[in-house]
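Taking it in order: structure first as structure tokens, then the write-up.
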Amino acid sequence: TLNEMYQTAIKLHSAIEQHEGDSCDQGKQEMVADCLKQFQNLWRAVDTRKVFSPNEEKDDVATGDLKFFMVLYYVGDLYERIVDTHRVSNLKNAINCFKAFFRLCLDYSIISEQEHEQLVTPINPTDRVARVERLKKQKELQAKLAELADRKKQISRSINNEAGKGGIDKDEEEYEAVERQYWLLAVEERLRVGSQQYFMSMRECEMLSSLNQEQKEEAVEQYQRAIQDQKGMPPPPGAMKVIESVPVPTILTELPLDREKILKEVFMDRNPATMSDAEYARQQMERMLPPDEPKEEDDEDSDDEEVHERKQKKASSWDDWKDDHARDGNMGANIG
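With positions in the sequence shown counted from 1, the corresponding number in this note's numbering is that position plus 14.
Put into structure tokens, the structure is as follows:
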């Protein structure tokens with residue numbers, strides 16, 4: 015059944031997220047390929063059985079079918095996780111899946127036109143308020159999902175305890191309401207996560223597409239060496255010739271490294287300090303010191319006209335002062 019296909023695929027996806035190996039790990043990549051195939055088959059089955067109809071809205075969709083809205087998200091997420099020589103192509107597939115996921119939710123009125131616009135409009139890297147608000151909303155959704163999951167377990171236990179005693183219709187109705195709320199919130203949470211992955215994929219795709227042929231070939235060589243190192247074998251003779259025959263050898267050597275570059279660009283300090291704390295303190299201390307008094311120039315032997323004139327004025331002023339302040343008895347008379 016569709017539910018069984020979903021449960022099998024989602025368990026494998028959870029195992030991939032918990033896998034401790036890095037992105038190039040062969041075992042992890044095999045899991046990614048298998049999980050991608052499972053979700054692709056699930057989406058084909060959902061489409062074949064007409065689970066979603068163009069003339070319906072979310073209220074017309076059965077509660078048990080709400081989870082299938084997220085299948086396109088998981089297909090896009092798994093395309094992002096593939097590490098091979100066709101990275102740009104995989105990124106474009108991921109981008110298209112995310113866009114289809116957003117559009118499907120818009121068509122069923124799970125989100126409004128305005129919310130859809132926000133999902134596909136990147137946040138200004140310098141707008142810290144918007145980024146913090148998005149993160150806050152994400153945490154709130156996750157907390158609410160955990161709360162609803164606990165509530166579902168409580169109601170389920172109550173239903174099992176009341177089985178055979180009658181009077182469990184009320185519990186079943188409550189379980190249905192909580193279950194529906196849970197899946198709608200889960201879809202909203204994946205929309206927000208998918209929006210972030212959508213922008214990361216777009217940015218990464220632009221970066222890789224800007225590489226010249228020489229850079230692409232160098233990246234392919236590094237990728238080949240990484241694979242061989244992981245297997246513990248030397249690169250086979252002529253290995254590069256085989257890879258170089260690929261029409262467009264675009265490559266991402268390690269996904270986390272590229273994402274780290276993007277994150278550094280997004281969260282870089284736009285107003286870096288121009289001096290250290292010690293330099294700033296020293297500058298402030300210097301400003302508080304009194305200005306140095308100008309030193310008397312040694313003008314004894316100077317022939318400069320300005321210096322000579324200044325000395326004459328000083329001598330004349332000193333003579334005038336002495337005339338006005340005589341040292342004899344007439345000093346008191348001058349005061350009267």
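Even for Gly, the Cβ is constructed at its ideal location relative to N, Cα and C.
Delimiting residues of the alpha helix (DSSP H) encompassing residue i
i              : result
histidine 27   : 16 to 32
isoleucine 125 : It is not in any alpha helix (DSSP H) - isoleucine 125 carries neither H nor E in the DSSP assignment.
aspartate 48   : 40 to 62
glycine 78     : Note, glycine 78: premise wrong, no alpha helix (DSSP H); not H, not E.
leucine 86     : 85 to 95
Spatially closest choice to residue i from the options, by CA coordinates
i             : options                        : result
lysine 106    : Val89, Leu118, Cys119          : Val89
glycine 78    : Lys151, Ala200, Arg101         : Ala200
glutamine 54  : Asp74, Met19, Cys38            : Met19
arginine 204  : Ile137, His322, Leu80          : Leu80
leucine 16    : Asp48, Leu50, Lys51, Trp57     : Trp57
serine 170    : Ser223, Leu155, Tyr189, Gln152 : Tyr189
glutamate 131 : Val321, Arg206, Asp185, Gln227 : Arg206
glutamate 71  : Arg148, Leu118, Gln227, Glu44  : Leu118
leucine 120   : Leu50, Arg142, Glu202          : Glu202
leucine 155   : Arg95, Trp197, Glu94           : Trp197
glutamine 195 : Glu320, Val75, His322, Ala329  : Val75
arginine 217  : Glu94, Met84, Ser67, Asn69     : Glu94
valine 134    : Val321, Gln43, Lys42, Phe213   : Phe213
methionine 84 : Ser224, Pro68, Gln21           : Gln21
Assumed close pair residue i, residue j - CB separation to whole angstroms, cut-off 8 angstroms
i                 : j                 : result
valine 46         : leucine 86        : Not really, about 17 angstroms apart at Cβ, beyond 8 angstroms.
glutamine 211     : phenylalanine 112 : 7 angstroms
valine 65         : phenylalanine 82  : 6 angstroms
phenylalanine 115 : glycine 35        : The pair is not a contact, with the Cβ atoms about 27 angstroms apart (cut-off 8 angstroms).
leucine 26        : aspartate 61      : Not quite, the Cβ-Cβ distance comes to about 21 angstroms (not below 8 angstroms), so this is no contact.
glutamine 52      : alanine 29        : Contact flag wrong, Cβ pair sits at about 12 angstroms.
valine 192        : arginine 165      : 5 angstroms
isoleucine 137    : serine 215        : Not confirmed; about 15 angstroms, so no contact.
leucine 222       : arginine 101      : 6 angstroms
isoleucine 173    : glutamate 186     : 6 angstroms
Min CB distance residue i to chain B below 8 angstroms
i             : result
glutamate 154 : Of the chains in the structure shown, none is chain B; there is only one protein chain.
Near the ligand SAM: residue i beta-carbon under 7 angstroms from a heavy atom
i              : result
asparagine 174 : Annotation note on the ligand SAM: not contained in the displayed structure, which lists no ligands.
Kindly confirm or deny that the stretch 90 to 105 and the stretch 123 to 133 touch, where touching means at least three C-beta pairs closer than 8 angstroms. The answer is no - the stretch 123 to 133 does not touch the stretch 90 to 105, with fewer than three Cβ pairs under 8 angstroms.
Within the chosen definition, does the stretch 154 to 161 reach the stretch 22 to 38 through at least 3 CB pairs nearer than 8 angstroms? Result no; under three Cβ-Cβ pairs closer than 8 angstroms.
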